[in-house]
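Numbering follows this note's numbering, in which position 151 of the sequence shown is assigned residue number 354; successive positions increment by one, without gaps. A virtual CB, placed ideally from N, CA and C, is assigned to each residue, including glycine. Fair warning: this is a prediction, and the values are worked out from it, not measured in the lab.
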Amino acid sequence: MAIVNSHFATVQAKEGEDSAQLLADIEGVIGQCRRCALCEGRTNVVPGFGNPAARVMLVGEAPGKNEDLQGRPFVGAAGHYLTDLLALAGLSRDEVFIANVLKCRPPSNRDPHPDEIVTCTPYLRDQVRAIGPEFLVTMGNFSTKFILKTERGITRLHGQVTMAGRFKVFPVYHPAAALYDPTKQVAIEADFRRLGELLKG
Ligand code: SF4
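Set out below in structure tokens:
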């Protein structure tokens, strides 16, 4: 268990609770959430999925159509590609935790609105606190800008480690963006190989 601190915004951490129990509690709160209008159009909430003791936590943007239908993050074509990318870093899906900035699907996969990000991200913060990963791999502009509190774009930041508190933040392109763009594909695959090196180091 690696809980960074006990200041949870969305759950009351109980004495002796471990990461898995905390994540389940946070997931329970997210499952009932109606804090923003995105709850109206969702089929399922997509809280996140993976290893509660993950050394690497990946953060994307928001659920898409397949994710909304299944309630799991990264299950469509971009998800299959992400599995391949993790393998380049020597990781399996069972070893990591995957979440998004938003937990409900925006209509027609539009970009998250700033007010939705403000409203939803206490959940993400609490998930990060519950897991306490060594690496936060931010995928795409929205998660990178939120976690690094920067206006610099992913094109400039990908593949570089930046410390944010005790976390090593490692931005990469969003797998969905890289899927059909050969230039981004070369970059994201090199970045995941580098992540593998960093994990060994
Ligand atoms: S997107 Fe986040 S804040 Fe909005 S309803 Fe879903 S879980 Fe709640």
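| Asked | Found |
| --- | --- |
| Continuous alpha helix (DSSP H) assignments of at least 4 residues falling wholly in the region 232-302 | 268-273 and 280-291 |
| From Leu291, Arg296 and Phe345, residue whose alpha carbon lies closest to that of Arg313 | Phe345 |
| The region 253-267 touching the region 332-339, judged by at least three CB pairs closer than 8 Å | yes |
| Of the residues Tyr326, Thr286 and Asp384, the one placed nearest Val232, counting alpha carbons only | Tyr326 |
| Contact set for Leu226: own chain, Cβ-Cβ below 6 Å, skip 5 residues either direction | Pro255 and Ala333 |
| Per DSSP, cross-strand counterpart(s) of Ala393 | DSSP, once it has assigned bridges, lists no residue as partnering Ala393. |
| Lys306, buried or exposed, once every other Cβ within 10 Å from all chains shown has been counted against 16 | buried |
| Whether Val304 touches Arg275 by CB criterion (8 Å) | no |
| Inter-stretch contact (C-beta, 8 Å, three-pair minimum) for the region 359-367 and the region 287-295 | no |
| Pair within 8 Å by beta-carbon distance, Gly368 and Ile357 | no |
| Among Lys352, Ile350 and Val375, nearest to Leu360 - alpha-carbon criterion | Val375 |
| Assigned secondary structure, Phe373 (DSSP; H/G/I helix, E/B strand, else coil) | coil |
| Own chain, CB closer than 7 Å to Thr213, minus 5 neighbours either side, in chain order | Ile229, Val232, Pro325, Tyr326 and Asp329 |
| Pocket of the ligand SF4 (residues with CB nearer than 7 Å to any heavy atom), chain order | Ile233, Cys236, Arg237, Arg238, Cys239, Leu241, Cys242, Arg245, Val248, Leu305, Lys306, Cys307, Glu319, Thr322, Cys323 and Tyr326 |
| Bridge partner(s) assigned by DSSP for Ala367 | Phe370 |
| Classification of Glu319 by the beta-carbon crowding that lies within 10 angstroms, buried from 16 upward | buried |
| Leu402 in three-state terms, based on DSSP | helix |
| Beta bridge counterpart(s) of Ala340 as assigned by DSSP | Note that residue 340 corresponds to Val in the displayed sequence, not to Ala. Per DSSP, Leu261. |
| Any non-hydrogen atom of the ligand COA closer than 7 Å to Phe373 Cβ | Only the ligand SF4 can be found as ligands here, which leaves the ligand COA out of the picture. |
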